[in-house]
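Student:
In the numbering used here, the protein residues as written are 15 to 461.
(1) Does the stretch 385–400 come within contact of the stretch 253–270, defined as at least 3 CB pairs closer than 8 Å?
(2) Label residue 377 either buried or exposed according to how many other C-beta atoms from any shown protein chain fall within 10 Å of its C-beta, with 16 as the threshold for buried.
(3) Checking the sheet assignment: what are the DSSP bridge partners for residue 424?
(4) Bridge partners for residue 309 per DSSP, in chain order?
(5) Identify, in the order they occur along the chain, each residue of the same chain with its Cβ nearer than 8 Å to the Cβ of residue 77, setting aside the five sequence neighbours on each side.
(6) From the DSSP secondary-structure annotation, give me the bridge partner or partners of residue 288.
(7) Assign residue 415 to one of three DSSP states: helix, strand, or coil.
(8) Please classify residue 2 as buried or exposed, where buried requires at least 16 other C-beta atoms within 10 Å of its C-beta.
(9) Which residue's Cα is closest to the Cα of residue 303: 51, 91 and 66?
(10) Pick from 454, 213, 293 and 229: whose alpha carbon is nearest that of residue 431?
(11) Mind checking residue 163: buried by the 16 CB within 10 Å criterion, or exposed?
(12) Buried or exposed: residue 133, going by 16 or more other Cβ atoms within 10 Å of its Cβ?
(13) For residue 346 and residue 374, I'd like the C-alpha separation in whole angstroms.
(14) Is it buried or exposed, residue 124, if we count other Cβ atoms within 10 angstroms and call 16 or more buried?
(15) Mind checking residue 352: buried by the 16 CB within 10 Å criterion, or exposed?
(16) Among the residues of its own chain, which have a CB less than 8 Å from the CB of residue 271, if the five just before and after it don't count?
(17) Is residue 126 buried or exposed, if buried means 16 or more other CB atoms sit within 10 Å of its CB?
(18) So, residue 423 versus residue 298, is the Cβ gap smaller than 9 Å?
(19) Quickly, what does DSSP pair residue 316 with across the bridge? List them, please.
(20) Between which residues of its own chain and residue 344 is the CB-CB distance below 6 Å, once the five residues before and five after are set aside?
(21) Just mark residue 72 as buried or exposed, buried being the case when its beta carbon has 16 or more other beta carbons within 10 Å.
(22) On the CB-based measure, 16 or more other CB atoms within 10 Å of its CB, does residue 49 come out buried or exposed?
(23) Could you check whether the stretch 214–233 touches the stretch 41–59, counting it as contact only if at least three pairs of C-beta atoms, one from each stretch, sit closer than 8 Å?
(24) Provide the residue(s) that pair with residue 339 in DSSP beta bridges, ordered along the chain.
(25) Could you pull out every unbroken alpha helix (DSSP H) segment of at least 4 residues lying fully inside the stretch 205–235, listed in chain order?
(26) Using the three-state DSSP reduction, which class does residue 326 fall into: helix, strand or coil?
(27) Just to check my reading of the structure: residue 428 and residue 410 have Cβ atoms closer than 8 Å, yes? What is that Cβ distance to the nearest angstrom?
(28) Specify the secondary structure class of residue 108 as computed by DSSP and reduced to three states.
(29) Under 9 Å, do residue 440 and residue 280 count as touching if we go by C-beta distance?
(30) Considering only the alpha carbon of each residue, which of 321, 301 and 331 lies closest to residue 88?
(31) If you run the structure through DSSP and keep just helix, strand and coil, what is residue 76?
(32) Using the rule of at least 16 other Cβ atoms within 10 Å of the residue's Cβ for burial, across every protein chain shown, is residue 55 buried or exposed?
(33) Straight-line CA distance for residue 447 to residue 380?
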């Protein structure tokens with residue numbers, strides 16, 4: 015063997031070793047990106063459900079059944095207002111003067127009535143003697159002259175601290191009696207629910223509860239955005255590597271297989287994370303009573319947060335056959351068929367020769383796309399959200415009231431969740447993978 019041939023062989027071995035090293039490095043880098051994306055997806059999903067559970071707890075604690083629709087809650091608030099009014103009750107000088115005039119009027123009336131009763135025509139001898147004695151010894155004008163003095167004495171006695179205390183005690187007792195008569199037996203349930211939830215979040219009152227909930231939700235929201243961005247960034251880097259190495263035919267198979275695993279990660283997170291949240295509430299209800307306002311805040315009318323799998327599960331659990339059928343079809347066309355397509359694509363690229371150019375695998379990889387309804391699901395969710403949001407706004411706006419005695423402000427906090435956009439990312443990524451698979455198939459020709 016000549017020296018030239020030996021140098022050529024050594025050069026080829028060196029180039030082959032460098033190529034293998036580059037391939038190994040690329041696969042290691044993509045594997046690291048895949049693990050990172052999978053971890054971000056896992057954490058994102060966990061945070062999405064933690065947020066859902068927190069909002070469910072908040073909705074239960076502030077449910078309208080335990081607020082505006084509870085007689086006990088109304089009773090507590092009304093009792094508090096009346097109790098403050100009763101305990102703070104005081105008469106002004108003008109009120110005392112008006113009271114004295116009214117007492118004088120009543121006393122003058124009583125005197126006139128008594129005089130008329132005694133001086134009316136009598137039939138019996140005894141009655142006539144009484145009438146004669148009354149006319150002889152009683153001066154009606156003197157009695158009327160004493161009325162103002164009696165009135166002052168009565169008013170002073172009635173408005174004394176001791177008398178007012180007794181009156182307040184009677185009024186409070188009557189209020190307690192009325193409250194007991196209107197008891198709706200929900201107070202114990204409300205207290206039990208609140209105690210359980212407050213204990214879970216380690217708070218003692220509603221103000222502290224709201225503060226803790228808002229802080230937790232804000233933290234989860236920021237963290238969820240970071241994990242979502244991290245997951246999509248890993249996938250974007252993988253696509254950039256595809257663009258950079260698109261002419262390296264020997265790297266197409268490992269690149270495509272890892273790309274399919276990225277797609278599987280997006281699909282798993284997209285279908286299992288909450289995609290839409292429906293939140294309708296009465297933000298504020300103010301009712302004027304005795305110069306004060308009874309206020310109910312953040313009364314939840316309805317709250318629901320669901321993932322695609324959650325919607326499917328809800329439909330399947332319904333007793334109606336049509337709902338079950340819709341749930342099964344959604345499971346088939348939105349979850350199962352996309353998974354089959356991912357598996358078939360992997361087999362088509364990596365094992366086509368081993369499978370002997372299986373028509374079934376090619377059908378799943380190429381022709382099954384017309385039955386994959388993931389993109390249709392995206393449009394359906396978006397249209398459902400738009401329609402539902404419009405209906406809620408229309409209905410809630412009819413509850414808004416502003417008057418001197420009553421003020422009602424509603425709020426529609428319904429929104430698409432990040433899980434929906436992860437699912438949209440899967441659909442877009444799936445389209446890109448389809449284009450890449452067609453290019454690979456065209457380069458290799460029919461297997």
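C-beta: ideal position from N, C-alpha, C; glycine also.
Remember, it's a predicted structure, so these values are computed and weren't measured experimentally.
Tutor: Reading it off the structure:
(1) no
(2) exposed
(3) 296
(4) 300
(5) 313 and 314
(6) 321
(7) strand
(8) The shown model of the chain, from 15 to 461, leaves out residue 2, and the question about it has no answer.
(9) 91
(10) 293
(11) exposed
(12) exposed
(13) 18 Å
(14) exposed
(15) buried
(16) 360, 363 and 364
(17) exposed
(18) yes
(19) 294
(20) 326
(21) buried
(22) exposed
(23) no
(24) DSSP, once it has assigned bridges, lists no residue as partnering residue 339.
(25) none
(26) helix
(27) With a Cβ gap of about 10 Å, residue 428 and residue 410 do not count as contacting.
(28) helix
(29) yes
(30) 301
(31) coil
(32) buried
(33) 11 Å
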